[in-house]
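Q:
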Amino acid sequence: MKKLSCFEFQRGRLFVGCLPQGRDLILSVEEFCENALIHMALFSVIGAVSSATIGVYDQKQQVYVTVKEEAPFEVVSCMGNVSLKDGKPFIHAHILLSDEQGKTIGGHLFSETIIYAGEINLQELTGKPRERTYDNDTGLMLWK
Amino acid sequence: MKKLSCFEFQRGRLFVGCLPQGRDLILSVEEFCENALIHMALFSVIGAVSSATIGVYDQKQQVYVTVKEEAPFEVVSCMGNVSLKDGKPFIHAHILLSDEQGKTIGGHLFSETIIYAGEINLQELTGKPRERTYDNDTGLMLWK
Amino acid sequence: MKKLSCFEFQRGRLFVGCLPQGRDLILSVEEFCENALIHMALFSVIGAVSSATIGVYDQKQQVYVTVKEEAPFEVVSCMGNVSLKDGKPFIHAHILLSDEQGKTIGGHLFSETIIYAGEINLQELTGKPRERTYDNDTGLMLWK
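As structure tokens, this is what we get:
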């Protein structure tokens with residue numbers, strides 16, 4: 099029976115800041131990590147977006163089904179991590195959005211999600227950074 | 099092109115506790131921060147409320163549209179931060195609620211959200227606390 | 099008037115890892131905590147499940163109403179804590195799920211929620227661990 103496989107990390111720098119209006123959420127966080135030489139991190143965001151692209155993984159077909167919404171949303175929660183893929187900082191995050199009536203949609207965060215306003219906290223992790231590689235069982239890029 | 103603007107903080111005291119039944123969620127956290135001399139923090143809550151007031155920001159009109167629900171809800175997630183506004187600890191948080199069928203609504207947390215039961219963890223941040231000031235682009239009170 | 103009652107903790111070990119496919123989410127985290135001698139912790143998860151059991155607390159009847167869903171979901175957020183109950187590590191977590199259309203349901207996480215893939219971060223807390231005991235006002239097992 100498989101077990102939870104964990105790796106221990108040390109806490110590095112802790113950042114709190116504002117996301118830039120009009121920019122892609124994922125790309126702006128990846129750019130920040132590249133510039134700050136962050137290879138592994140945990141982060142969360144609250145705020146608002148002017149459009150969003152989210153996906154849900156089809157576990158049978160092993161592909162993401164994505165939905166692009168050209169509308170404003172509140173970012174109720176967005177939790178994610180940074181690790182390495184092909185040697186560069188790579189974001190994996192899930193996001194929950196609410197519309198004008200408070201109705202919610204959520205899933206895997208994709209690019210083409212544009213920031214209206216947002217507050218991020220990002221905890222750098224030091225220690226051996228994890229690398230994402232293809233996992234045969236799920237078809238996902240996971241940590242080995 | 100705008101960039102993510104981050105500030106580095108040190109970790110101060112870490113608190114875990116119970117929210118007081120029958121009291122306003124935001125006010126009870128603000129009161130705790132005032133008493134403990136906390137000027138900057140990150141926190142999250144899980145629990146339940148007996149009524150809730152949430153809002154979604156109308157990005158065109160630049161006003162919050164709020165909804166008040168006089169019903170019990172599970173607090174599926176509530177993520178927020180504490181910083182200074184007019185020199186006093188000020189809460190910014192987003193909340194996700196679920197009703198008896200598991201159906202969800204979410205958005206910006208407002209006062210007049212009354213705790214039934216709740217568990218909070220709050221990480222104090224030390225370093226220069228951020229002050230909220232009016233942002234012309236969004237109409238929101240953001241960190242400069 | 100009741101106040102927020104908080105306890106201060108120190109940060110212990112910080113773990114990041116993968117949840118085991120096909121296993122019960124709660125049981126696999128509890129097992130990890132038992133093996134690693136963790137008595138108190140905060141954690142969050144993003145990922146996917148192949149089936150889920152969630153509940154919402156009926157505040158009048160003081161019982162959980164649970165729903166079991168035999169379908170795949172994205173885990174948009176899952177936030178929880180570990181403390182002691184009957185001397186053993188006990189998980190309290192809330193979870194938000196989204197289906198193929200991005201539609202969400204959420205609530206209190208129960209066992210019989212089976213992992214498809216998941217990434218967890220778990221922050222051990224050191225200091226006097228909290229014990230859960232029955233709370234007369236809510237009918238819940240809370241920290242005294």
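Protein chains in written order, with our numbering: chain P, 99 to 242; chain F, 99 to 242; chain Z, 99 to 242. All C-beta atoms, glycine included, are put in the ideal place defined by N, C-alpha and C.
State the DSSP-derived secondary structure class of residue 240/F, mapped to helix, strand or coil.
A: It is a strand residue.
Q: Beta carbon of residue 173/Z: closer than 7 Å to some heavy atom of the ligand GTP?
A: In the structure shown, the ligand GTP is absent, as is every other ligand, since no ligand is present at all.
Q: Does the distance from the C-beta atom of residue 176/F to that of residue 240/Z stay below 8 Å?
A: Not closer than 8 Å, so no.
Q: What residues from chain Z crowd round residue 113/P, counting only those whose CB sits closer than 7 Å?
A: Within 7 Å Cβ-Cβ: nothing; residue 113/P doesn't reach chain Z, min ~16 Å.
Q: Enumerate in chain order the residues of its own chain whose CB-to-CB distance from residue 152/F is below 8 Å, with the five nearest sequence positions on each side excluded.
A: So the list reads 164, 165, 167, 193, 195, 203, 204, 205, 206, 207, 208 and 211, once near-sequence residues are dropped.
Q: Do residue 219/P and residue 127/P have their C-beta atoms within less than 8 Å of each other?
A: Against a cut-off of 8 Å, the Cβ pair of residue 127/P and residue 219/P comes out as no contact.
Q: Counting only beta-carbon atoms, is residue 202/F nearer than 8 Å to chain P?
A: It does; some Cβ of chain P falls within 8 Å.
Q: When burial is assigned at 16 or more other CB atoms within 10 Å of the CB, is residue 173/F buried or exposed?
A: Answer is buried; the Cβ neighbour count reaches 16.
Q: For residue 119/F, which residues in the same chain have their Cβ closer than 7 Å to its Cβ, ignoring the five residues on either side in sequence?
A: For residue 119/F, where only same-chain residues beyond five positions count, the Cβ hits under 7 Å are 213, 214 and 215.
Q: Check residue 107/Z in the structure and name its three-state DSSP category.
A: Residue state, collapsed to three classes: strand.
Q: Measuring CA to CA, which of 189/F, 234/F and 108/F is closest to residue 122/F?
A: Nearest C-alpha to residue 122/F: 189/F.
Q: Taking a cut of 8 Å between CB atoms, which residues from the stretch 212-242 of chain P lie near chain F?
A: Of all residues in the stretch 212-242 of chain P, 214, 215, 217, 218, 219 and 220 have a Cβ within less than 8 Å of some Cβ in chain F.
Q: With 8 Å as the C-beta to C-beta threshold (strictly closer), list the residues of the stretch 159-190 of chain P near chain Z in chain order.
A: Cβ contacts with chain Z: 163, 165, 175, 177, 178, 179 and 190.
Q: Identify the contact partners of residue 117/F in chain Z, using a Cβ-Cβ distance below 8 Å as the criterion.
A: Per Cβ cutoff of 8 Å: 102.
Q: Hey, is residue 136/P's beta-carbon within less than 8 Å of any beta-carbon in chain Z?
A: Answer no: the Cβ-Cβ gap between residue 136/P and chain Z never drops below 8 Å.
Q: For the stretch 128-154 of chain P, which residues have a beta carbon sitting closer than 7 Å to at least one beta carbon of chain Z?
A: Cβ contacts with chain Z come from 140, 152 and 154.
Q: Using the beta-carbon of each residue, which ones in chain B are nearer than 7 Å to residue 194/Z?
A: Of the protein chains in this structure, namely P, F and Z, none is chain B.
Q: Following the continuous alpha helix (DSSP H) through residue 129/Z, name the residue where it begins and the one where it ends.
A: Its alpha helix (DSSP H) spans residues 123-133.
Q: Could you confirm whether any beta carbon from chain P is found closer than 8 Å to the beta carbon of residue 198/Z?
A: With 8 Å as the cut-off, residue 198/Z counts as an interface residue toward chain P.
Q: Do you know whose CA, among 136/F, 132/F, 144/F and 100/F, lies nearest residue 191/Z's CA?
A: The shortest C-alpha separation from residue 191/Z is found at 144/F.
Q: Which residues in the same chain have their Cβ closer than 8 Å to the Cβ of residue 182/F, if we skip the five residues on either side of it in sequence?
A: Same-chain partners within the cutoff: 137, 138, 188, 227, 228, 229 and 230.
Q: Short check: CB of residue 107/F to CB of residue 236/F, under 8 Å?
A: Cβ distance not < 8 Å, so residue 107/F and residue 236/F don't count as in contact.
Q: Taking DSSP as the reference, what is the three-state secondary structure of residue 221/Z?
A: Looking at residue 221/Z - three-state DSSP - the assignment turns out to be strand.
Q: Please state whether DSSP places residue 156/Z in a helix, a strand or coil.
A: Three-state DSSP puts residue 156/Z in a strand.
Q: Judging by CA-CA distance, which residue of 133/F, 103/F, 149/F and 125/F is the nearest neighbour of residue 129/P?
A: It is 103/F whose Cα lies nearest to the Cα of residue 129/P.
Q: Could you list which residues in chain P have their beta carbon closer than 8 Å to that of residue 110/Z, in chain order?
A: Result: empty, since nearest Cβ-Cβ is about 10 Å, beyond 8 Å.
Q: Quick one: what's got a C-beta closer than 6 Å to residue 154/F's C-beta in the same chain, skipping five residues either side?
A: Here the set comprises 163 and 205.
Q: Determine which residues share a DSSP beta bridge with residue 146/F and list them.
A: 172/F and 215/F.
Q: Check this for me: beta carbons of residue 146/Z and residue 170/Z, under 8 Å apart or not?
A: Yes, Cβ-Cβ distance for residue 146/Z and residue 170/Z is below 8 Å.
Q: Could you tell me the boundaries of the beta strand (DSSP E) in which residue 230/F lies?
A: Counting along the chain, the beta strand (DSSP E) containing residue 230/F begins and ends at 230-232.
Q: What's the call for residue 180/F, buried or exposed, on a 16-neighbour Cβ count within 10 Å?
A: So residue 180/F ends up on the buried side.
Q: Where residue 132/P and residue 100/F are concerned, what is the direct C-alpha to C-alpha distance, given to the nearest angstrom?
A: Rounded to the nearest angstrom, the two C-alpha atoms are 16 Å apart.
Q: Could you compute how far the alpha carbon of residue 222/P sits from the alpha carbon of residue 159/Z?
A: For residue 222/P and residue 159/Z, the distance between alpha carbons rounds to 44 Å.
Q: Mark residue 199/F as exposed unless 16 or more other C-beta atoms lie within 10 angstroms of its C-beta, in which case mark it buried.
A: Exposed, by the Cβ-count rule.
Q: Taking only beta-carbon positions, decide if residue 210/P is within less than 8 Å of chain Z.
A: By this cut-off, residue 210/P is not an interface position.
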